[in-house]
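Colleague: Structure below; questions to follow.
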Amino acid sequence: MTEDLQTNERVIRRRPRSRLEPLSVNIRELALEDISDVFELGQKLFTPEKLPTLYRAWDEDEVLQLYTAARETCLVAASSDRIVGFALGRIMEKPRSAWRYGWLLWLGVDRATKRRGIATRLLRQLTSRFIEREARIMLVDTDEHNRQALTFFRKHGFGQEVRHVYLSQNLDAHPEALARREKDEREE
Ligand SMILES: CC(C)(COP(=O)(O)OP(=O)(O)OC[C@H]1O[C@@H](n2cnc3c(N)ncnc32)[C@H](O)[C@@H]1OP(=O)(O)O)[C@@H](O)C(=O)NCCC(=O)NCCS
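For the sequence shown, our numbering assigns the number 18 to the initial residue and increments by one for each residue that follows.
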C-alpha cells in the first residue's frame, strides 16, 4: 500500500507509516563475516542530517570491538542471508556494585523492512540474553528528536527518561591547533 501525494508538478510515493505484515527473519549472534554488512547498514541509517551524534560515533572499529568484547549480546536479523537489522549491546558492571546493566548501544533496521517487527524481535532476544547474564537494568539512549526510536522504546516499556546534553567546540581555531599548523608549515 502506498499513498500518492501531489506537490506542484511532482508526485511523491510515500511509504505507509503504519504497521506492515511481520517479515520472517532469522535472529542470530553477530559473526565476523557480518561486520562489514552491519557497518554499511548503519552508515545508511545514522546519517549526519538525521542522527548526527550517532553518525560521529559509528565506525567499523566500533562493530569490530563489540564483536571482540561482547558478541554474545550482539545480534543480527537476516532475511534470505541479507542483514536487515542489528542490535548491538554489552553488559556493564562496576566493581563493588550489585547492579549489572545491559546496555543496548546500537539498534537499526533496513528502511525497506521497517515496521515489520524486526526491531521488536531483536530487542526481545537481546533482553533475554541480558537477563541470562544477570543484568538488572537495561539502558538505551537516542537523540531527543528521534521520534521513531522514542516511540519504539516507550512502547517496549522504557521510561524514566533523563536528558543528556552533548556540547562541542571546534578545535581548529584553538591557539594550540593554530601554533601546530604554523610549526608544520615552517617545517615543510
Ligand atoms: C527505531 C527502529 C529500530 C525501529 O525498527 P522497526 O523494525 O521498524 O520496529 P518495529 O517494527 O519492531 O516497531 C515496533 C513499534 O515501534 C513503534 N515504531 C517503530 N517505528 C516507528 C515509526 N517510524 N513511527 C512511529 N512508531 C514507530 C511502533 O509502535 C511499532 O509498533 P506498530 O508497528 O505495531 O505500530 C528503526 O526505525 C530504525 O532503524 N531507525 C533508525 C536507527 C535508530 O534510530 N536507532 C535507534 C537508536 S540507536
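Virtual Cβ for every residue (Gly too), placed ideally from N, Cα, C.
Computed from a predicted model, the values in this text were never measured in an experiment.
Assuming contact is defined by CB atoms lying nearer than 7 Å, are Gly125 and Leu62 in contact in what I supplied?
Modeller: Taking the sequence shown and counting its residues from 1, the one referred to as residue 125 is at position 108. Taking the sequence shown and counting its residues from 1, the one referred to as residue 62 is at position 45. Yes, the Cβ-Cβ distance between Gly125 and Leu62 is below 7 Å.
Colleague: Out of Asp160, Lys111, Phe103 and Phe56, point me to the one whose CA is closest to Trp75's CA.
Modeller: The residue labelled residue 75 in the question sits at position 58 within the sequence shown. Looking at the Cα atoms, Phe56 is the closest of the given residues.
Colleague: In chain order, what residues of the same chain lie with their CB nearer than 8 Å to the CB of Ala86, ignoring the 5 residues before and after it?
Modeller: Locating residue 86 in the sequence shown gives position 69, counting from the first residue. Answer for Ala86: Arg107, listed in chain order.
Colleague: Just checking Trp123 against ligand 1 - is the residue's beta carbon closer than 6 Å to any of the ligand's heavy atoms?
Modeller: In the sequence shown, residue 123 corresponds to position 106, counting from 1. Checking the Cβ of Trp123 against ligand 1 gives yes.
Colleague: Might you give, ordered along the chain, the residues of its own chain that have their beta carbon closer than 7 Å to the beta carbon of Asp51, omitting 5 neighbours on each side?
Modeller: The residue labelled residue 51 in the question sits at position 34 within the sequence shown. So the list reads Val93 and Ile100, once near-sequence residues are dropped.
Colleague: Using only alpha-carbon positions, find the residue among Arg45, His181 and Phe170 that is nearest to Thr70.
Modeller: The sequence position of residue 70 within the sequence shown is 53, counting from 1. Taking only the C-alpha atoms, the option nearest Thr70 is His181.
Colleague: On the DSSP bridge list, what partners appear for Asn43?
Modeller: For the purposes of this step, residue 43 is taken as residue 26 along the sequence shown, with counting starting at 1. Note: Asn43 sits in a beta bridge opposite Ala95.
Colleague: Kindly list the residues whose CB is nearer than 8 Å to the CB of Gln60, restricted to its own chain and excluding five residues on each side of it in sequence; keep chain order.
Modeller: Here residue 60 refers to the residue found at position 43 of the sequence shown. Trp75, listed in sequence order.
Colleague: What's the gap between the Cα of Ile154 and the Cα of Ala129?
Modeller: Taking the first residue of the sequence shown as 1, we reach residue 154 at position 137. Taking the first residue of the sequence shown as 1, we reach residue 129 at position 112. Ile154 and Ala129: Cα-Cα distance of roughly 32 Å.
Colleague: Run through the DSSP bridge pairs and tell me what Leu156 is partnered with.
Modeller: Locating residue 156 in the sequence shown gives position 139, counting from the first residue. Answer is Trp120, bridged to Leu156.
Colleague: Just to confirm, does Ile135 get its C-beta within under 6 Å of one of the non-hydrogen atoms of ligand 1?
Modeller: For the purposes of this step, residue 135 is identified with residue 118 of the sequence shown, where counting begins at 1. Checking every heavy atom of ligand 1 against the Cβ of Ile135, one is found closer than 6 Å.
Colleague: Is Arg36 near ligand 1 - that is, is its Cβ less than 6 Å away from at least one heavy atom of it?
Modeller: Here residue 36 corresponds to residue number 19 of the sequence shown, with the count starting at 1. For ligand 1, at least one heavy atom lies less than 6 Å from the Cβ of Arg36.
Colleague: So what does Ile108 bridge to, in DSSP terms?
Modeller: As a working note, residue 108 is residue 91 in the sequence shown. Answer by DSSP bridge pairing, in chain order: Gly119.
Colleague: When we look at the beta-carbon of Leu143 and count the other beta-carbons within 10 Å, is it buried (16 or more) or exposed?
Modeller: Walking along the sequence shown from the start, residue 143 turns up at place 126. Buried, by the Cβ-count rule.
Colleague: Does any heavy atom of ligand 1 sit closer than 6 Å to the C-beta of Lys131?
Modeller: For this step, residue 131 is matched to residue 114 along the sequence shown. Yes, the Cβ of Lys131 comes within 6 Å of a heavy atom of ligand 1.
Colleague: So what's Val126 in DSSP terms, helix, strand or just coil?
Modeller: Locating residue 126 in the sequence shown gives position 109, counting from the first residue. Three-state DSSP puts Val126 in a strand.
Colleague: Cα separation between Arg203 and Pro192?
Modeller: As a position in the sequence shown, residue 203 is number 186, starting the count at 1. As a position in the sequence shown, residue 192 is number 175, starting the count at 1. Each residue's Cα considered, the two are about 16 Å apart.
Colleague: Quick one: is the Cβ of Lys172 within less than 6 Å of any heavy atom of ligand 1?
Modeller: As a position in the sequence shown, residue 172 is number 155, starting the count at 1. Flag set: Cβ of Lys172 near ligand 1.
Colleague: If you draw a straight line from the C-alpha of Ser145 to the C-alpha of Thr159, how long is it?
Modeller: For this step, residue 145 is matched to residue 128 along the sequence shown. For this step, residue 159 is matched to residue 142 along the sequence shown. Distance between the alpha carbons of Ser145 and Thr159 is about 21 Å.
Colleague: Are the beta-carbon atoms belonging to Asn163 and Ala95 less than 7 Å from one another?
Modeller: The residue given as residue 163 occupies position 146 in the sequence shown. The residue given as residue 95 occupies position 78 in the sequence shown. The answer is no: Cβ separation not under 7 Å.
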